[in-house]
Ligand code: HEM
Ligand code: HEM
Ligand code: NFV
Ligand code: SF4
Ligand code: SF4
Ligand code: F3S
Ligand SMILES: [Mg+2]
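Here it is, written out as structure tokens:
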């Protein structure tokens, strides 16, 4: 094959030099990409491969549905909690269980705490080094760094002395010759555009954010007992509340509520004064680098999340936008129905799984997960020493989910685009603010940077929503309702002989759904379609390429043997491979 | 067969009554103390796993689980040291004192008797045989259900006890340290300890039934034997 | 940011004087003249940080996530000052062959002197291709890097026991580290995930005292895994009193009674949660109202529902537990006894009748 047009409108050409990046680091799990570059080092073909599979859908069969949250939560420790929440929702949906308002508030607070934490850690610890040259920070003038920092934020840790100390420690570190996680980085690459002062400021905040992130998750510890992997229950939340009576010290009480409140305040402040200003400052140096849009200008999907009204999962109750945009038609947001067999389907023609008929997709209620590891006939190397994969055959442990046949991008950018075109001011206004500040057109949104910016804005949105739901919880307690769980259908003997349900959330990385079938009190079938399954999906029988692959096309590499630009764009999705394959 | 003491007398209806001294005093004492300990262990053990309905009020006002567990452990000590004492008696006591611990496994005739007893219980034999000690079937079930069962309960029980007693306690050193790794984890030891309790309950049911039945059917004394030590043959 | 070994010692509360004393003791024990002590001191003060290679197999990365939550010491100090985290695909700047080159470099340069930290585990089915990196099975990478390491830290329940992917039917044959690497000390730090401060506690112990922590028979550091949650649970008085939560959000739950009846596995789980607690000591599962699910125990996924106190026995099928089996057998035996007694009574009556008629005949 040379040049070829995909069904979703991308042109692929795999005749040029093949570059392999494996492992793709600074992500969760194991991802490999292979790209073909033309003689100008521009990417003309991209192949993304999930290189791990654990079989959770297989393992869940026959188990108690009330335990499923704990299993599925272990799909990922990075977006910890979101699978558990999705799971309890699926069981509640199957059994018709209504949760109390307090449980809804607490779940939303926990989900938003995850957003803030995950986005913050992603930006500083997984993504920043694609834009920030740590070594260049050694050349910075601490005084000018201080001026820069103070010009963008009134965050207190910004004196020249602070940056000088930090730079000295950094110098000593580099001089030791042991660069630790910074070894073999792409330092000095022409792709880095920040001045030394901005680099030094970013390094400082890399460390501050590392210290601060552990504070945010204390919210999970308070309501869920620990983080990562807090506890949940079908029917509500396990943390009883007691603000009046004897024994209140053994439950969620005033002290605990105050602790949550103070963390929320500090979180809002950190995001507002450190994350968002850093994001804008860094973006302002990279405005010219508008690659990586991929599917975002065409097909995006969001299920919506954060129910304002407990137990109401319809679009009107969900504070995060819901809908699908296809074929780049921004005038129409389609309704999404997770149980309609014609809408969401998973294909495996290019995935290491087996279906009876692989030309067709399966709705997750009828989903099948049966591993089948075979390489395409043009693969190079051996089964256990792969040099090049063959994208003409099976080539990934991810299935290929499609919405009405379309490959979709999901995640913060998808949510913001949908919110924007729905003219929801909570999403439209901040986007307009950023576009104006950076002085770029709306189309700049459809890019690697747009994705990274949307995540930052969403982090701020989520921090404020924690406050909203914490206030709501307090108000409800004040009104005399301290219920946290509904146990009417706790006992499996109260369940129908067979039932099925779907639970969904918007996970930090995008649309997440769990489909459960319960028979005789046990799980009969359990299927998950995960954000990174959407974004990182391999091709489908019609030849549609997924969001990762699409986003890499057309990107020029400064140096073909240095995958800096590839990392940049892939990282903008915040890939999670343990999630995607599960 | 070695017979310690023989006694002849008149039974009711002028029939001859033969009497042998079978169970020496320590065995009899042990039997009843042991039976009592096991009843306490099974009842308390059951409630350790499935506790009684909760009590309200202050924790310091109650000690229900504490008491149940204490009773279990106290009875366990009686059971364990009784069992050790019983093993000791197997060495120094009479022939019957050894029956619990050794099976004449290679003795064809003995197996024949086992099957005879089996047929008797299945109503396939018209008349029972008489034994001075345990009948072979009883001996077989005693060995497997009681002797091995008791050993299993003691080993797992002491291993569980050592968990609470903490490292350094003899039960921890001698049992917990290897029993838990052997089973994989503590939860499994609980499960099997509990299952063994049920095996014991079943054994006791059969045992008590058989004792009463044989007492009536086989025209030889059983229950009173465990009281007086003498086996009486009524014809 | 860069501290020497000596700085680390100082931070752990060891004074200059005892450091110098330590150096002269070392000198004597090596049979060297006291004059060598300052040389040893100099060497230690400038000693390179111990390289750590952190590999990821089949896992969910919760162990890394937990690690960076460490409050004392702070994760950044561990990673940047106490040791040298030279390879960790979750955090490192490099990728692809630039990343893989580091493995060979450390393996050669620090032969026998680097620590191998493993998160997750290798699957053995499908020739190991359920988890591959650089085109090759993860298990190969693990063996390759284990060959020249000083010791292995098995992070979390994945590396220690197998964890969720090894739950039945373990489709990938996910296998814990100690079953694949048998010729190196493996320190298991189980938990799903382990507590952050336990993780950094184990690492700093090794750096500070220059030896492996004392391990129990199952390979866990005794200091953190020597006792059960239940042994030091603050709800224990309610357990002893027989005061239990009977249902979620009931009066007892609001008073913080014991969670035993809700399936709490604290009595069978070895971990430091009830003492060290989580996230800087803020809480731990039980404190927030949910029972312990036994996440640091071998095979905790396969013991039946997390909400059952009497757990399943797989050997008897998924649905059975000791009570169900026991009661069924006892019931059956009880019925059999009753039937047997009835038949006995019947046949006895017959025999008696027979005897009676015989006696009658004789009488005639
Ligand atoms: C927890 C309850 C009990 C246990 C574990 C138990 C156990 C035993 C054992 C181990 C022996 C053999 C003694 C030896 O050879 O040293 C035995 C004998 C005997 N037990 Fe029990 N026993 C229990 C309750 C009872 C009760 C309630 C009765 C009376 C109704 C009873 C009647 C007898 C009799 C008659 C013998 C002698 C059997 C024979 O002579 O072959 N036992 N028991
Ligand atoms: C006839 C003998 C015995 C019977 C029938 C018996 C029965 C039981 C039962 C049913 C349990 C509850 C298991 C669970 O659900 O977790 C239990 C627990 C226990 N047993 Fe025994 N047991 C016996 C002997 C012993 C012995 C000899 C010891 C040694 C000290 C012992 C120590 C324990 C301990 C420590 C526990 C756990 C208590 C707890 O978790 O709080 N048991 N036993
Ligand atoms: N993809 C993914 Fe997740 C998220 N966000 C979950 O659903 O990361 Ni681990
Ligand atoms: S130990 Fe459990 S929680 Fe940690 S990586 Fe493994 S699955 Fe995740
Ligand atoms: S809550 Fe759990 S660990 Fe605590 S006392 Fe009760 S059973 Fe033990
Ligand atoms: S579930 Fe795990 S976190 Fe601790 S309290 Fe139990 S070991
Ligand atoms: Mg799936």
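Residue numbers (the working numbering), protein chains in the order written: chain A, 945 to 1526; chain B, 0 to 234; chain C, 24 to 387.
Ideal placement from N, C-alpha and C gives every residue a C-beta, glycine not left out.
Open item on the list: Give me the chain C residues within the contact set of residue 64 of chain B, using Cβ-Cβ distance strictly less than 8 Å, ordered along the chain.
Closed with: 262, 263, 264 and 265
Task: Status (buried if at least 16 other CB within 10 Å, exposed otherwise) for residue 368 of chain C - done: exposed
Task: Exposed unless 16 or more other CB atoms sit within 10 angstroms - verdict on residue 1402 of chain A - done: buried
Open item on the list: Between the alpha carbons of residue 232 of chain B and residue 213 of chain B, how many angstroms are there, rounded?
Closed with: 12 Å
- [ ] Determine which residues of the region 343 to 361 of chain C have a Cβ less than 8 Å from any Cβ of chain B, and write them out in chain order.
- [x] 344, 345, 346, 348, 349, 350, 352, 353, 356, 357 and 360
Open item on the list: Given this structure, state the Cα-to-Cα distance separating residue 107 of chain C from residue 1203 of chain A, to the nearest angstrom.
Closed with: 35 Å
- [ ] Closer than 8 Å by beta-carbon distance: list the chain C residues that pair up with residue 204 of chain B, in chain order.
- [x] 353, 356, 357 and 360
Task: Closer than 7 Å: residue 329 of chain C CB and nearest ligand 5 heavy atom - done: no
Task: Whole-angstrom distance between residue 35 of chain B and residue 357 of chain C, CA atom to CA atom - done: 21 Å
TODO: Note the first and the last residue of the continuous alpha helix (DSSP H) segment covering residue 1151 of chain A.
DONE: 1140 to 1160
Open item on the list: Assuming the contact rule is C-beta atoms closer than 8 Å, residue 199 of chain C and residue 1172 of chain A should be a hit. Round their C-beta distance to whole Å, please.
Closed with: No, residue 199 of chain C and residue 1172 of chain A are not in contact; Cβ-Cβ is about 20 Å, not under 8 Å.
Task: Any chain B beta carbon closer than 8 Å to residue 269 of chain C - done: yes
Open item on the list: Run through chain C and tell me which residues come within less than 8 Å of residue 1018 of chain A, C-beta to C-beta.
Closed with: 83, 85, 186, 187 and 215
- [ ] Give a yes or no on whether the C-beta atoms belonging to residue 275 of chain C and residue 266 of chain C are separated by under 8 Å.
- [x] yes
- [ ] Quick one: list the residues of chain B neighbouring residue 320 of chain C, beta-carbon separation under 8 Å, in chain order.
- [x] 184, 185 and 186
Open item on the list: Any heavy atom of ligand 6 inside 7 Å of the beta-carbon of residue 311 of chain C?
Closed with: no
- [ ] From the DSSP output, in three-state form, read off residue 1076 of chain A for me.
- [x] coil
Open item on the list: Is residue 222 of chain B a contact residue of ligand 1, with contact defined as CB to any heavy atom under 7 Å?
Closed with: yes
Task: Uninterrupted beta strand (DSSP E) stretches inside the region 1 to 88 of chain B (no shorter than 3 residues) - done: 5 to 9 and 15 to 20
Task: Simplified DSSP assignment, three categories, for residue 1099 of chain A - done: coil
Open item on the list: Using 8 Å as the threshold, is the C-beta distance between residue 1086 of chain A and residue 1113 of chain A below it?
Closed with: no
- [ ] Apply the 10 Å Cβ neighbour rule to residue 141 of chain B and answer buried if 16 or more other Cβ atoms are within range, or exposed otherwise.
- [x] buried
TODO: Enumerate in chain order the residues of its own chain whose CB-to-CB distance from residue 1336 of chain A is below 7 Å, with the five nearest sequence positions on each side excluded.
DONE: 1320 and 1322
- [ ] Measure the alpha-carbon distance for residue 225 of chain C versus residue 1045 of chain A and round it to whole angstroms.
- [x] 42 Å
Task: At least 3 beta-carbon pairs within less than 8 Å: the region 297 to 313 of chain C vs the region 984 to 992 of chain A - done: no
TODO: Within its chain, find whatever has a CB closer than 8 Å to the CB of residue 1388 of chain A; leave out the 5 residues flanking it on each side and keep chain order.
DONE: 1231, 1234, 1379, 1382 and 1394
Open item on the list: Based on DSSP bridge pairs, tell me the residues matched to residue 1455 of chain A.
Closed with: A/1450
- [ ] Under 8 Å between beta-carbons, which chain B residues line up against residue 76 of chain C? List them in chain order, please.
- [x] Result: empty, since nearest Cβ-Cβ is about 29 Å, beyond 8 Å.
- [ ] Give the DSSP-derived three-state secondary structure of residue 282 of chain B in the structure shown.
- [x] Residue 282 of chain B is absent from the model: chain B starts at 0 and stops at 234.
Task: Contacts around residue 1533 of chain A, its chain only, beta-carbon distance under 6 Å, and the 5 residues preceding and following it disregarded - done: Outside the shown range of chain A, which is 945 to 1526, sits residue 1533 of chain A, and nothing can be said about it.
Open item on the list: Using only Cβ atoms and a threshold of 5 Å, which residues come within that distance of a heavy atom of ligand 5? Order them by chain position.
Closed with: C/252, C/253, C/256, C/258, C/259, C/262, C/281, C/282, C/283, C/287, C/289 and C/309
Task: chain C residues whose Cβ lies nearer than 8 Å to that of residue 194 of chain B - done: 336, 345, 348 and 349
Task: Nearest neighbour of residue 1487 of chain A, chosen from A/1386, A/1503, A/1351 and A/1415 [CA to CA] - done: A/1351
Task: Nearest to residue 1440 of chain A (by Cα), restricted to the options A/1292, A/1038, A/1310 and A/1458 - done: A/1038
Open item on the list: Considering only heavy atoms of ligand 2 and the C-beta of each residue, which residues fall inside 6 Å, strictly closer?
Closed with: B/37, B/40, B/41, B/44, B/45, B/47, B/48, B/68, B/71, B/72, B/75, B/78, B/79, B/152, B/153, B/156, B/157, B/159, B/160, B/189, B/192, B/193, B/196, B/199, C/290 and C/333
Open item on the list: Which residue marks the beginning of the alpha helix (DSSP H) containing residue 77 of chain C, and which one marks its end?
Closed with: Taken as a continuous stretch (DSSP letters only), residue 77 of chain C belongs to no alpha helix (DSSP H), being part of the beta strand (DSSP E) at 73 to 79.
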